[in-house]
Amino acid sequence: MDYEDYEQSFASAPVRYALDDHDSEEENEACAQIEKVTVQTNLTIDSKDAENKQWTLIFGLNGPGNVYINSLEGITTTAIGTVDRLFEKENPKTKANILQIANQSVLLIPFTKEIQAEEAAPYTKSIFNAFKGNVEKVIVLDSFTATGYTSETWNEDMVPPSLRVLQTSSAPVIKGLPLFEIPNMIKALAASIVNYCEIYSIPCYDFLTLQESIYGKLLVDEETLEAYNQGFHHLGLNFKFNDQIMKKVLNAIHTGRVDDSHHRLYL
1162 MDYEDYEQSF
1172 ASAPVRYALD
1182 DHDSEEENEA
1192 CAQIEKVTVQ
1202 TNLTIDSKDA
1212 ENKQWTLIFG
1222 LNGPGNVYIN
1232 SLEGITTTAI
1242 GTVDRLFEKE
1252 NPKTKANILQ
1262 IANQSVLLIP
1272 FTKEIQAEEA
1282 APYTKSIFNA
1292 FKGNVEKVIV
1302 LDSFTATGYT
1312 SETWNEDMVP
1322 PSLRVLQTSS
1332 APVIKGLPLF
1342 EIPNMIKALA
1352 ASIVNYCEIY
1362 SIPCYDFLTL
1372 QESIYGKLLV
1382 DEETLEAYNQ
1392 GFHHLGLNFK
1402 FNDQIMKKVL
1412 NAIHTGRVDD
1422 SHHRLYL
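For the sequence shown, the residue numbers in this note's numbering are 1162 to 1428.
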């Protein structure tokens, strides 16, 4: 082979290296920004009270999970804390309120904004550290879409309400609910919480409701949230949501709209 031909066959190599260097600079900049972020979990209850109980934490991730928690009816809650994000010298921004169900050791933690994957670990550590190992069970209200979902039942179309469950090895198996199948993966805050619970042997269930989309908009309606009821029923927690409250919640956060059928809302 001629030496000149050899040079031509690798003509693109310097370009690839230049892109690699550029990516590295972006990664370093992103890491520097993350180091400036601090997450604080502030509880208003007595520290001894927090330490003397075994808590069940229910995380409502931004999307159907958050809407579900804020649409619950028939329960009374008290705000006992906040999860705040601080960036350098800026004023803290509350990302989630911590609500205790009356006369129960059950805490609802709805997130009103999506937490970036790069910041998920600080949020997870901050919340769990606030309860100093006194967490008995964790439930994450998550979602998934049919697009790209890999399943053994290729010939069956998934329609809501449809729930999938991913759990830690220390959590008792819920019979009657299909698992979130391999090789599908959860991400961001959900992945961070489940991973933390797996490491520290905390029973954790990630409830993933099937979320449809129309014209690129993720859909939230009664059927989307109904799937969560199925999961809670199997755990002995009989929560109920109100569809009218659901619509008000979506309108209040300025991310919902009603289509022509007046039954479907979007995030």
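The C-beta atom is built at its ideal place from N, Cα and C for all residues, glycine as well.
Could you tell me which residues DSSP pairs with residue i in its beta bridges?
i     : result
L1429 : Since the first residue of the chain shown is 1162 and the last is 1428, residue 1429 is not available in this structure.
F1368 : L1302, V1326
S1374 : L1379
V1244 : T1202, A1257
V1296 : W1216
According to DSSP, simplified to helix, strand and coil, what is residue i?
i     : result
I1343 : coil
T1237 : coil
Y1401 : Looking at the sequence shown, residue 1401 is not Tyr but Lys. Three-state DSSP puts K1401 in a strand.
N1356 : helix
M1319 : coil
Q1277 : coil
G1309 : coil
D1210 : helix
L1338 : coil
N1252 : coil
Y1361 : coil
T1314 : coil
G1224 : coil
P1333 : coil
K1409 : helix
K1286 : helix
Take residue i as the anchor and find which of the options has the nearest alpha-carbon.
i     : options                    : result
K1408 : T1217, S1232, T1205        : S1232
H1395 : V1334, Q1405, I1360        : V1334
V1355 : S1374, E1384, D1210, F1289 : F1289
V1410 : V1299, N1252, P1225        : P1225
F1292 : I1241, V1301, K1197, A1307 : I1241
Q1277 : S1362, I1259, A1352        : A1352
T1238 : V1244, K1254, I1259, N1295 : I1259
Y1229 : T1385, I1343, K1254        : T1385
A1349 : I1363, N1252, N1403, V1301 : V1301
Can you name, in chain order, every residue of its own chain whose Cβ lies under 8 Å from the Cβ of residue i, other than the five neighbours on each side?
i     : result
I1236 : I1262, A1263, F1400
F1341 : F1305, R1325, V1326, L1327, I1347, D1367, L1369
A1388 : P1321, P1322, S1323, L1324, F1368, T1370, L1371
T1273 : N1223, N1227, K1256, A1257, I1414
A1179 : Low local confidence applies: a pLDDT of 44 at A1179 is under 50, so the model's placement there is unreliable, and no value is given.
A1211 : L1204, A1291, F1292, K1293, N1295
Kindly list the residues whose CB is nearer than 7 Å to the CB of residue i, restricted to its own chain and excluding five residues on each side of it in sequence; keep chain order.
i     : result
E1297 : Q1215, W1216, T1217
T1199 : L1247
S1266 : K1214, Q1215, W1216, T1217
E1373 : P1321, L1380
S1362 : S1331
Whose C-beta lies closer than 6 Å to the C-beta of residue i among residues of the same chain, with five residues either side of it excluded?
i     : result
T1202 : V1244, S1287, I1288, A1291
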